[in-house]
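Q: Going by the UniProt record's numbering, the first residue of the sequence shown is number 1, and it counts up by one from there. Glycine residues also receive a C-beta, built at the ideal position from the N, C-alpha and C atoms. As the structure is a prediction and not an experimental result, all values here were calculated from the model. One structure, as structure tokens, below. Some questions next.
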Amino acid sequence: MSGQENKIKEEEEEAISFQKTYEKIMRDIIPTLPKERGWMLGNHILQYKGFWLSTTSILEGVVFLQHHFKPRPTDIILATSPKTGTTWFKALIFATMKRTTFELSSHPLLTTGPHGLFPFLDTYIFQNDHYQDSISSLKSLPSPRLFSTHVPYSMLPDSATDASSGCRFVYICRNPKDIFVSMWFFANKSRTKEVSPMSLEEAFELFCRGVSPYGPYWDHVLGYWKASLESPNKILFLKYEDMKNDPVVHVRRLAEFIGKPFSAEEERNGAVEEIIRLCSFENLSNLEINKNGAERFSPEIAIDKSNFFRKGQVGDWKNYLTEEMAKRIDQISDDKLYGSGLKFGT
Numbered sequence: 001m002s003g004q005e006n007k008i009k010e011e012e013e014e015a016i017s018f019q020k021t022y023e024k025i026m027r028d029i030i031p032t033l034p035k036e037r038g039w040m041l042g043n044h045i046l047q048y049k050g051f052w053l054s055t056t057s058i059l060e061g062v063v064f065l066q067h068h069f070k071p072r073p074t075d076i077i078l079a080t081s082p083k084t085g086t087t088w089f090k091a092l093i094f095a096t097m098k099r100t101t102f103e104l105s106s107h108p109l110l111t112t113g114p115h116g117l118f119p120f121l122d123t124y125i126f127q128n129d130h131y132q133d134s135i136s137s138l139k140s141l142p143s144p145r146l147f148s149t150h151v152p153y154s155m156l157p158d159s160a161t162d163a164s165s166g167c168r169f170v171y172i173c174r175n176p177k178d179i180f181v182s183m184w185f186f187a188n189k190s191r192t193k194e195v196s197p198m199s200l201e202e203a204f205e206l207f208c209r210g211v212s213p214y215g216p217y218w219d220h221v222l223g224y225w226k227a228s229l230e231s232p233n234k235i236l237f238l239k240y241e242d243m244k245n246d247p248v249v250h251v252r253r254l255a256e257f258i259g260k261p262f263s264a265e266e267e268r269n270g271a272v273e274e275i276i277r278l279c280s281f282e283n284l285s286n287l288e289i290n291k292n293g294a295e296r297f298s299p300e301i302a303i304d305k306s307n308f309f310r311k312g313q314v315g316d317w318k319n320y321l322t323e324e325m326a327k328r329i330d331q332i333s334d335d336k337l338y339g340s341g342l343k344f345g346t
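Next up, the structure:
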């Protein structure tokens, strides 16, 4: 049997193994999972291993990731909770990593958009119609591979979190008050016309109880924060607010962490500032590729590209939350983060 035939046979066996694993989860586990009203699709949100997942297809993708993701030492994985600046940071990392490959005037970000260039691991299984094709596609991506994920640290495969794997994570943290407001807008924009909007008050109660996509948010943050303290060379923990306030400093940090530091000549020629301008909210949100069409992440989830861009501001929560709401989130944050050494950006 040739090497190619062995590869195909191995991928067939992996696909069959995964199908059996997920069928067992569908049959024995999903019916027992706690459920709450969903945010985006009007269906139920499911609690799996302590965190809330929006759909069964997301759960399917997470199980696929846990069983079949084999990291490479050159992999860079952007880990975020939803609405923490994922789209922006995808652009920043891609542009920084590939800055010697593409001219700014013909950059892929101008014609493809961040999500098309930076695969989402949680739903990678749905890149193709068959499990085997997705497994093959994942393996055949050229290095260095760039991925994103919303999966909590505790749910990542050991193959990725183990120090010996060599892959690195960039984690983005954002003030939960801004996250909540952004998530509420995003959820209502993403709902079909048949599903009534979720009120601010209803969404607020769910968020504070931890019932939000990939939530509780505070637990999501703490998982990566503690791991970054233990393995600072493996996990770069950044705050959205710091990047907004001083992008030059933090793009430099990002470049050093992913193994692509800026040279003295690049610094003199303004390479850092060029990347910041290319990836700015104003530039990305006004590109035709990000205004039209939809990103399909799974059979259940297709989101208008324009919905990924709202304001991108720090402190916009002040326009929507009452004083009592803000105090409640702050109190939850104080209680959850107590003793961790972490404070949210402002």
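Identify the continuous alpha helix (DSSP H) that holds ALA163 and give its terminal residues.
A: Taken as a continuous stretch (DSSP letters only), ALA163 belongs to no alpha helix (DSSP H), as it is neither H nor E.
Q: Cα-Cα, which of PHE18, GLU202, VAL221 and SER285 is closest to SER340?
A: Closest by alpha carbon: VAL221.
Q: Using 8 Å as the Cβ pair cut-off and three pairs as the minimum, do the segment 96-111 and the segment 257-268 touch?
A: Yes, the segment 96-111 touches the segment 257-268.
Q: Spatial neighbours of MET325 within its chain, please: C-beta separation below 7 Å, excluding the five flanking residues on both sides.
A: Excluding residues within five positions, the ones whose Cβ falls inside 7 Å are PHE204.
Q: Assuming THR87 is part of the alpha helix (DSSP H), what are its boundary residues?
A: Taken as a continuous stretch (DSSP letters only), the alpha helix (DSSP H) holding THR87 covers 86-97.
Q: What does DSSP give as the partner residue(s) for LYS239 in the beta ladder?
A: BP columns for LYS239 point to CYS173.
Q: Who are the Cβ neighbours of THR21 in its own chain at under 7 Å, not counting the five residues just before and after it?
A: Once the five neighbours on either side are set aside, the close Cβ partners of THR21 are VAL63 and HIS67.
Q: Under a three-way DSSP split, which group does ARG37 fall into?
A: Strand at ARG37.
Q: Answer yes if the segment 103-123 comes into contact with the segment 193-202, meaning at least three C-beta pairs across the two stretches below 8 Å, and no otherwise.
A: Contact between the segment 193-202 and the segment 103-123 is absent, because fewer than three Cβ pairs lie under 8 Å.
Q: Between which residues of its own chain and GLY223 is the CB-CB distance below 8 Å, once the five residues before and five after are set aside?
A: Excluding residues within five positions, the ones whose Cβ falls inside 8 Å are PRO152, TYR153 and SER154.
Q: From the DSSP secondary-structure annotation, give me the bridge partner or partners of TYR153.
A: Its beta-bridge partners do not exist; DSSP assigns none.
Q: For the alpha helix (DSSP H) that TRP52 lies in, which residues bound it at each end?
A: No alpha helix (DSSP H) contains TRP52, which is instead part of the beta strand (DSSP E) from 51-53.
Q: Compute the distance between the beta-carbons of PHE118 and LEU141, then report whether it is under 7 Å.
A: No.
Q: So for ILE77, helix, strand or coil by DSSP?
A: Strand at ILE77.
Q: Would you tell me roughly how many angstroms separate the C-alpha atoms of ILE30 and ILE125, rounded to the nearest one?
A: ILE30 and ILE125: Cα-Cα distance of roughly 19 Å.
Q: Hey, out of GLU10, PHE51, ILE58 and LYS9, whose CA is closest to MET26's CA?
A: Among GLU10, PHE51, ILE58 and LYS9, the Cα nearest to that of MET26 belongs to ILE58.
Q: In the DSSP assignment, find the alpha helix (DSSP H) that holds HIS250 and state where it starts and stops.
A: First-last of the alpha helix (DSSP H) with HIS250: 247-257.
Q: Inspect the beta-carbon positions of residue 350 and SER159 and report whether they are closer than 7 Å.
A: Given a span of 1 to 346 for the chain in the structure shown, any question on residue 350 remains unanswerable.
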